[in-house]
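Participant: Submitted below is the structure of interest, expressed as structure tokens.
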Amino acid sequence: MSTPRAIRTLSRSTLASVSKPITSRTLRPSFTGGLYLPATRHFATGSIRRKDIEGRIVPDVTKENEATVSGLSKAEEADEAPLARQSGPSLFSLSDRTIIVTGGARGLGLTIAHALVQSGADVHCLDILPEPVEPQWSEVKSEAESLGSKISYGQLNVTSPEDVYSTIGSIFQNARSTHPVRGLYHAAGINLLAPVEDIDIESFRRVIDINLVGSHLVSQAFAKEYFKRHEDAPPTSTMDTGVTKAGEGASIVLTASMSGTVANFGLDNAVYNSSKAGVIQLARNYAYEWSKRGIRVNTLSPGYIRTAMTQALFDQQPHLPELFLRTSLLGRMSTPDEFRGPVIYLLSDASSFMTGADILVDGGHTAV
Ligand SMILES: NC(=O)c1ccc[n+]([C@@H]2O[C@H](COP(=O)([O-])OP(=O)(O)OC[C@H]3O[C@@H](n4cnc5c(N)ncnc54)[C@H](O)[C@@H]3O)[C@@H](O)[C@H]2O)c1
């Protein structure tokens with residue numbers, strides 16, 4: 033049998049220092065720098081000094097020395113870990129923050145806004161429509177009143193930079209001191225069905241403008257306002273960011289789509305799908321640039337939902353409902369309430385270690 037690559041990178045004296053009996057349980061497969069340590073009978077842990085491919089000594093992470101290597105004290109690892117003292121349900125509470133919801137006049141946005149109010153948040157809904165739809169809006173308002181939360185509505189076109197900056201600035205400015213702005217759920221968007229060779233350039237630009245540029249403007253305005261108010265925050269390190277601590281940091285959730293990752297069978301949807309692919313990639317880059325400054329960013333990628341948006345597609349192409357059912361592993365479309373769980377999770381401290389991710393909730397549509 034040939035010598036494993038990992039063994040070849042270790043010096044003779046290092047190999048001689050292996051002192052413990054070799055068992056198949058002493059090593060699990062691991063990547064440490066460039067060195068792959070396979071779970072075979074060739075190695076034992078013991079006092080072995082592992083090296084990476086450039087010959088640097090790699091710390092041997094055992095239960096005993098994990099605290100030293102990770103930079104966390106034993107206390108922090110156990111009871112003092114940021115979320116350790118929170119009960120399961122309180123992890124998902126939003127009662128200490130204000131959350132901005134775009135596309136909040138109806139559909140997914142308004143359903144999520146309702147769920148955020150129920151989780152204790154103050155919520156500001158924004159949408160291009162002059163008024164939110166009834167009777168849903170009145171229901172959310174009266175629930176907010178009974179819970180002592182606040183909900184408000186404002187008209188906003190997410191493609192207008194000036195309006196986006198001033199609206200989001202004033203929401204940050206006027207948030208209750210008990211409820212600083214710590215969340216953004218962005219659901220505003222439009223769809224367009226058209227064979228790709230026929231799409232006129234104005235329609236193409238409009239979809240990109242609302243879905244992609246709109247996502248950017250709203251996120252950018254949010255981040256600028258957040259950073260303005262947290263500029264005195266101490267610099268964070270990769271080991272201990274403010275974001276991972278309960279009660280700190282902010283979370284942005286952008287609505288992408290399963291269509292941001294696949295072409296939809298039976299739908300001529302190229303521009304919409306490209307715009308949503310852009311949203312997923314934008315969020316990854318925001319996560320890269322902002323997570324150490326206190327803002328986590330993730331995307332939600334829903335499958336087909338029963339809303340006004342899909343109804344408009346059905347009006348155009350009546351065969352679509354049957355097609356959607358056939359291509360869903362669960363054999364049905366979703367309803368907006370089925371996305372409350374993932375969004376609350378992403379906006380709350382429960383997801384404190386999650387950023388740059390895309391949560392796909394599509395009834396198994398893209399699994400096959
Ligand atoms: N319905 C689905 O099957 C489905 C699937 C995946 C993703 N999504 C996404 O979910 C989000 C919500 O969609 P929905 O299904 O609730 O549809 P919807 O049409 O009910 O909601 C979209 C909202 O965005 C608003 N909007 C459109 N242009 C705007 C602008 N320029 N400025 C501000 N607001 C604007 C609309 O007025 C509307 O209230 C969208 O981003 C959509 O792409 C929907």
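Numbering-wise (the working numbering), the sequence shown opens with residue 33 and increments by one. Where a beta carbon is used, it is the ideal one built from N, C-alpha and C, also for glycine.
(1) So, helix, strand or coil for T398, using DSSP?
(2) Taking the DSSP output, what are the residues bridged to R328?
(3) When every heavy atom of ligand 2 is checked, does at least one fall within less than 7 angstroms of the C-beta of P374?
(4) In three-state DSSP terms, what is Y185?
(5) Measure the beta-carbon distance from G221 to I200 and round it to whole angstroms, keeping in mind my assumption that it falls under 8 angstroms.
(6) When you measure from the CB of L140 to every non-hydrogen atom of ligand 1, does any distance come out below 7 angstroms?
(7) Does the beta-carbon of G136 have 16 or more other beta-carbons within 10 angstroms, so that it is buried, or is it exposed?
(8) With which residues is G215 paired in a DSSP beta bridge?
(9) Would you check whether ligand 1 has a heavy atom nearer than 7 angstroms to the C-beta of V190?
(10) Indicate, with yes or no, if ligand 1 has a heavy atom lying under 7 angstroms from the CB of A137.
(11) For S192, which three-state DSSP category applies?
(12) Could you tell me whether the segment 115-132 touches the segment 144-163, where touching means 3 or more Cβ pairs closer than 8 angstroms?
(13) Could you give the residue range of the beta strand (DSSP E) that holds L392?
(14) Would you check if the distance between the CB atom of S384 and the CB atom of V311 is smaller than 8 angstroms?
(15) Here's a check: name, in chain order, each residue in its chain whose Cβ is nearer than 6 angstroms to the Cβ of T293, leaving out the five neighbours to either side.
(16) List the DSSP bridge partners of D232.
(17) With distances taken Cα to Cα, identify the nearest neighbour of G186 among F236, I284, R138, E171.
(18) What's the call for T367, buried or exposed, on a 16-neighbour Cβ count within 10 Å?
(19) Straight-line CA distance for L244 to S291?
(20) Mind checking who L379 pairs with in its DSSP beta bridge?
(21) State the beta-bridge partners of L158 as determined by DSSP.
(22) Taking 7 angstroms as the cut-off, is the CB of D159 close to at least one heavy atom of ligand 1?
(23) Spatial neighbours of G298 within its chain, please: C-beta separation below 6 angstroms, excluding the five flanking residues on both sides.
(24) Quick one: is the Cβ of G221 within less than 7 angstroms of any heavy atom of ligand 1?
(25) So, is N206 buried or exposed, given that buried needs 16 or more other C-beta atoms within 10 angstroms?
(26) Just to confirm, is the Cβ distance from S307 to V239 under 8 angstroms?
(27) Assign D232 to buried or exposed, taking buried as 16 or more other Cβ atoms, counted over all protein chains shown, within 10 Å of its Cβ.
(28) In the structure shown, what three-state DSSP assignment does I242 receive?
(29) Measuring straight from C-alpha to C-alpha, what distance separates L142 and Q343?
(30) One question on the structure: do L379 and I131 come within less than 8 angstroms of each other, judged by their Cβ atoms?
(31) I'd like to know whether the C-beta atoms of F371 and I144 end up nearer to each other than 8 angstroms.
(32) Kindly identify the DSSP beta-bridge partner or partners of I337.
(33) DSSP on F385, reduced to helix/strand/coil?
(34) Does S251 pass the burial test, meaning 16 or more other C-beta atoms within 10 Å, or should it be called exposed?
(35) What separation, rounded to the nearest whole angstrom, lies between the Cα atoms of A253 and R358?
Facilitator: Taking the geometry as given:
(1) Within the sequence shown, numbered from 1, the residue matching residue 398 stands at position 366. In the structure shown, T398 adopts helical secondary structure according to DSSP, grouped into three states.
(2) Numbered from its first residue, the sequence shown carries residue 328 at position 296. BP columns for R328 point to S283.
(3) Looking at this structure, you won't find ligand 2 anywhere; what it does contain is ligand 1.
(4) For the purposes of this step, residue 185 is identified with residue 153 of the sequence shown, where counting begins at 1. Reduced to three states, the DSSP call for Y185 is strand.
(5) Counting from one through the sequence shown, the residue named residue 221 turns up at place 189. Counting from one through the sequence shown, the residue named residue 200 turns up at place 168. Not quite, the Cβ-Cβ distance comes to about 18 angstroms (not below 8 angstroms), so this is no contact.
(6) Here residue 140 is taken as the residue at index 108 of the sequence shown, counted from 1. Relative to ligand 1, L140 has its C-beta within less than 7 angstroms of a heavy atom.
(7) What you label residue 136 is simply residue 104 of the sequence shown in a count that begins at 1. So G136 ends up on the buried side.
(8) Counting from 1 along the sequence shown, the entry for residue 215 is found at position 183. Secondary-structure assignment with DSSP links G215 through a beta bridge to I131, S283.
(9) By 1-based counting over the sequence shown, the position of residue 190 is 158. Flag set: Cβ of V190 near ligand 1.
(10) On the sequence shown, residue 137 is found 105 positions in, with the first residue counted as 1. Distances from the CB of A137 to the heavy atoms of ligand 1 include at least one below 7 angstroms.
(11) Counting from 1 along the sequence shown, the entry for residue 192 is found at position 160. It is coil, neither helix nor strand.
(12) Judged by pairs of C-beta atoms under 8 angstroms, the segment 115-132 touches the segment 144-163, as three or more such pairs exist.
(13) Locating residue 392 in the sequence shown gives position 360, counting from the first residue. It spans 390-393 - the beta strand (DSSP E) in which L392 sits, taken as one unbroken run.
(14) Position 352 of the sequence shown, counted from the first residue, corresponds to residue 384. Position 279 of the sequence shown, counted from the first residue, corresponds to residue 311. Between S384 and V311, the CB-CB gap reaches or exceeds 8 angstroms.
(15) One-based indexing of the sequence shown puts residue 293 at position 261. Nothing listed; no residue qualifies.
(16) Along the sequence shown, one-based indexing puts residue 232 at 200. D232 pairs with nothing; no bridge assigned.
(17) Residue numbering aside, residue 186 sits at position 154 when the sequence shown is read from its first letter. Ranking F236, I284, R138, E171 by Cα distance to G186 puts R138 first.
(18) Translated into positions along the sequence shown, residue 367 becomes position 335. So T367 ends up on the exposed side.
(19) Along the sequence shown, one-based indexing puts residue 244 at 212. Along the sequence shown, one-based indexing puts residue 291 at 259. Answer to the nearest angstrom: the Cα atoms are 14 angstroms apart.
(20) Position 347 of the sequence shown, counted from the first residue, corresponds to residue 379. Its beta-bridge partners do not exist; DSSP assigns none.
(21) Along the sequence shown, read from residue 1 onward, the residue named residue 158 stands at position 126. DSSP links L158 through a beta bridge to T134, G186.
(22) For the purposes of this step, residue 159 is taken as residue 127 along the sequence shown, with counting starting at 1. For ligand 1, at least one heavy atom lies less than 7 angstroms from the Cβ of D159.
(23) Here residue 298 corresponds to residue number 266 of the sequence shown, with the count starting at 1. If we look at G298 and ignore the five residues flanking it on each side, its Cβ neighbours are L355.
(24) Indexing the sequence shown from 1 puts residue 221 at position 189. Yes - ligand 1 has a heavy atom lying nearer than 7 angstroms to the Cβ of G221.
(25) As a first step, residue 206 must be located in the sequence shown, where it is residue number 174. By the 10 Å Cβ count, N206 comes out exposed.
(26) Taking the first residue of the sequence shown as 1, we reach residue 307 at position 275. Taking the first residue of the sequence shown as 1, we reach residue 239 at position 207. Yes, Cβ-Cβ distance for S307 and V239 is below 8 angstroms.
(27) Mapped onto the sequence shown, residue 232 falls at position 200. By the 10 Å Cβ count, D232 comes out exposed.
(28) Translated into positions along the sequence shown, residue 242 becomes position 210. Helix, per DSSP.
(29) For the purposes of this step, residue 142 is taken as the residue at position 110 of the sequence shown. For the purposes of this step, residue 343 is taken as the residue at position 311 of the sequence shown. Using only the alpha carbons, I get a separation of about 17 angstroms.
(30) To locate residue 379, count along the sequence shown from 1; it is residue 347. To locate residue 131, count along the sequence shown from 1; it is residue 99. Taking 8 angstroms as the Cβ cut-off, L379 and I131 qualify as a contacting pair.
(31) Counting from one through the sequence shown, the residue named residue 371 turns up at place 339. Counting from one through the sequence shown, the residue named residue 144 turns up at place 112. The answer is yes: Cβ separation under 8 angstroms.
(32) By 1-based counting over the sequence shown, the position of residue 337 is 305. Paired residue(s): S366.
(33) Sequence index remark: in the sequence shown, residue 385 carries index 353 (1-based). Of the three classes helix, strand and coil, the one that applies to F385 here is coil, per DSSP.
(34) Residue numbering aside, residue 251 sits at position 219 when the sequence shown is read from its first letter. Per the 10 Å Cβ criterion, buried.
(35) For the purposes of this step, residue 253 is taken as the residue at position 221 of the sequence shown. For the purposes of this step, residue 358 is taken as the residue at position 326 of the sequence shown. So the alpha carbons of these two residues sit roughly 41 angstroms apart.
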